[in-house]
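Remarks on the structure that follows.
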């Protein structure tokens, strides 16, 4: 790197100096050593310049919001704040109000059920489909890629479609069930299950694609060796596929959890967090506190709780991906 | 890349990779039919004369474009807004992410590790948290109900993803290629523009496609950072259909079909970039 920089510098000396060159480069520093140093400095500045826009953006659109949310969590921050600029300090009052509310327990339970249910379904079915596609067959590649469609269309589109499919009176699901009148989205006992089922449908393609990639990376020779030892079929899966797929599995699961924790679109589109908070999660509750009740302080407090949960999984993700890189 | 090679090696190696026959294809088609049924149903309902209270027929026997007519009249402007915001976000995301990805892959700048870590962490920040803080800031800056405001906010999905996927790709470009250009007198920036960028076309296309799709699908920022009809993406337009009692499902589904066009086009036209994007963004 340094060698290249010096050579580049040697070349530029013979050509006219560009107008934008800093003064130190063209003048004051005498001698080869000085010029060499300033060239390095210019090089460094250019390198930092490559990173700068991204750093500024990440700071403004991730750093600032996170810090601001921590501060807002301790403030009485409402619509009035936008007019008066006053956001009185209230200590932990927002956190107490949020965690003490009747909805909180329900939201925590729903978040856990929604996340665990979605991930379990997506992963199991996704893995089964990945294993199915792992062995080649005519048109397999094309079918596998078309399978991605549910994951690529906007979440709000999916929820609109499923709203009509799950409709109590005219939905095609109830009609297929022999004219049953199951109130999928309007009963407090079925709504969460329905939302989980829709989210499983959305997440299967992602799980299939990543796990399929992981399966492709397992050397065929290992299966041949295992077959010689008598391990085929399920035993081969248990002793060859599963151990070698583990790093990918960890990544898929942790990414899935992190994505699922913050899902809002599907729930708002399907049930609007109802009926009677039956599908209320931490994310939807945070949205409603801020943007429907305009208590941004409480919304921020709940958002911060969500971040802490996500961060715990982020740590898991980073450790998992490091292990995936090492292996 | 290694994946493709490994796959091919396994096939060429011997007849050992058991191939399934057309029976497996039949199972695959059945599987796909089940998985894509909701998509079919969306198209079916959108083509019905009036998908209202009566049960929708299994196939659109009486083709009607009335749903699309209504959708285009009511949501045409929203579709254009979505297009504008998504295109703007792609340009902005790539402008910000590509140089950073290059720097992270090839320079030994102090703090590069921190930037990379921050990029990974940023993907864990829920959008609702970002929206919660941005709302106040946007109100002060006059960015609520504006296209630039949405472009900036929507890029929170595009930029970290683009940095990660482009960086993973650029890491594979040999340092010598860039250094050769430098020796020939090209400055850092010229080497980047005339050597690195053309070589990384595939990564740029993948990042652009996924940024477009993410932004086009954005719902939360549209919901929180717009308050009037002035700037309204189609996702929010669709949500508002759902907000009230829906009496005309064929218009709703026609809007849904129109909002799905980018995903379908991407899948059919840019297939090879899609899998690269899904796997690359997640594992690398």
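Chains as they are written, first to last, in the working numbering: chain A, 1 to 327; chain B, 1001 to 1284.
Backbone N, C-alpha and C define an ideal beta-carbon position, used for all residues, glycine too.
In the DSSP assignment, what residue or residues form a beta bridge with residue i?
i             : result
residue 295/A : 78/A
residue 89/A  : 75/A
Who are the neighbours of residue i on chain B, taking C-beta pairs under 7 Å?
i             : result
residue 308/A : Correct list: empty, because the minimum Cβ distance to chain B is about 11 Å.
residue 288/A : The premise fails here: residue 288/A is roughly 10 Å from chain B at the closest Cβ pair, so nothing lies under 7 Å.
residue 311/A : 1124
residue 74/A  : Result: empty, since nearest Cβ-Cβ is about 14 Å, beyond 7 Å.
residue 162/A : 1038
residue 323/A : The premise fails here: residue 323/A is roughly 12 Å from chain B at the closest Cβ pair, so nothing lies under 7 Å.
Interface residues of chain E around residue i at Cβ under 9 Å?
i              : result
residue 1029/B : Although the question refers to chain E, the structure presented lacks it and instead comprises the protein chains A and B.
Applying a beta-carbon distance threshold of less than 9 Å, which residues of chain A neighbour residue i?
i              : result
residue 1159/B : 54, 57, 58 and 61
residue 1035/B : 129, 146, 147, 149, 150, 201, 204 and 205
Taking Cβ-Cβ distances shorter than 8 Å, what residues in chain B pair up with residue i?
i             : result
residue 303/A : 1126, 1128, 1129 and 1132
residue 264/A : 1127, 1128, 1219 and 1220
residue 296/A : 1132, 1135 and 1136
residue 165/A : 1038 and 1041
residue 43/A  : 1188
If you count every other CB in all the chains shown that lies within 10 Å of the CB of residue i, and 16 or more means buried, which is it?
i              : result
residue 1122/B : buried
residue 1177/B : exposed
residue 293/A  : exposed
residue 43/A   : buried
residue 207/A  : buried
residue 28/A   : Note that residue 28/A has pLDDT 45, beneath the 50 cutoff, so the model's placement of it is unreliable and no number is given.
residue 1058/B : exposed
residue 86/A   : exposed
residue 1021/B : exposed
residue 60/A   : exposed
residue 228/A  : exposed
residue 77/A   : buried
residue 1268/B : exposed
residue 1117/B : exposed
residue 1042/B : buried
residue 1014/B : No answer about residue 1014/B holds up, because its pLDDT of 38 lies below 50 and its placement is not dependable.
residue 204/A  : buried
residue 92/A   : exposed
residue 164/A  : buried
residue 1189/B : exposed
residue 49/A   : exposed
residue 26/A   : Any reading at residue 26/A is ruled out, since the residue's pLDDT is 42, under 50, leaving its predicted position unreliable.
residue 1222/B : buried
residue 1133/B : buried
residue 1184/B : exposed
residue 1091/B : exposed
Since residue i meets chain A, which of its residues come closer than 8 Å, beta carbon to beta carbon?
i              : result
residue 1260/B : 153, 154 and 157
residue 1247/B : Within 8 Å Cβ-Cβ: nothing; residue 1247/B doesn't reach chain A, min ~12 Å.
residue 1141/B : None at all; the shortest Cβ gap to chain A is about 11 Å.
residue 1189/B : 46
residue 1084/B : The contacting residues do not exist; residue 1084/B stays about 16 Å from chain A at best.
residue 1212/B : Here the premise fails: no neighbours, minimum Cβ distance about 11 Å.
Quick check on the DSSP output: the alpha helix (DSSP H) that includes residue i runs from which residue to which?
i              : result
residue 69/A   : 64 to 72
residue 1267/B : 1249 to 1269
residue 1173/B : Here residue 1173/B belongs to no alpha helix (DSSP H), and DSSP marks it neither H nor E.
residue 159/A  : 155 to 165
residue 243/A  : 242 to 261
residue 1046/B : 1022 to 1046
residue 1241/B : 1234 to 1243
residue 61/A   : From DSSP, residue 61/A is part of no alpha helix (DSSP H); its letter is neither H nor E.
residue 265/A  : 265 to 270
residue 1131/B : 1127 to 1141
residue 238/A  : Looking at the DSSP string, residue 238/A is not in any alpha helix (DSSP H), and its letter there is neither H nor E.
residue 1123/B : First-last for residue 1123/B: undefined, no H or E at that position.
residue 143/A  : 140 to 146
residue 118/A  : 102 to 134
residue 1225/B : 1220 to 1225
residue 151/A  : 149 to 152
Starting from residue i, find everything on chain A with Cβ-Cβ shorter than 7 Å and list it in chain order.
i              : result
residue 1096/B : 53, 54 and 57
residue 1217/B : 154 and 155
residue 1048/B : Within 7 Å Cβ-Cβ: nothing; residue 1048/B doesn't reach chain A, min ~11 Å.
residue 1163/B : 54
Residues of chain B with a CB under 9 Å from the CB of residue i: which are they?
i             : result
residue 319/A : Neighbours of residue 319/A on chain B: none; closest Cβ ~12 Å, over 9 Å.
| What runs of the beta strand (DSSP E), each 3 residues or longer, lie entirely inside the stretch 1088 to 1119 of chain B? | Look at the stretch 1088 to 1119 of chain B and you find no whole run of beta strand (DSSP E) that is 3 residues long or longer.
| Counting only runs that start and end within the stretch 169 to 224 of chain A, where is the alpha helix (DSSP H) found for 4 or more residues in a row? | Counting only runs of 4 or more, we get 172 to 176 and 191 to 216.
| Of all the alpha helix (DSSP H) runs that stay within the bounds of the stretch 1151 to 1204 of chain B, which reach a length of 4 or more residues? | Qualifying alpha helix (DSSP H) stretches, in chain order: 1175 to 1183 and 1188 to 1191.
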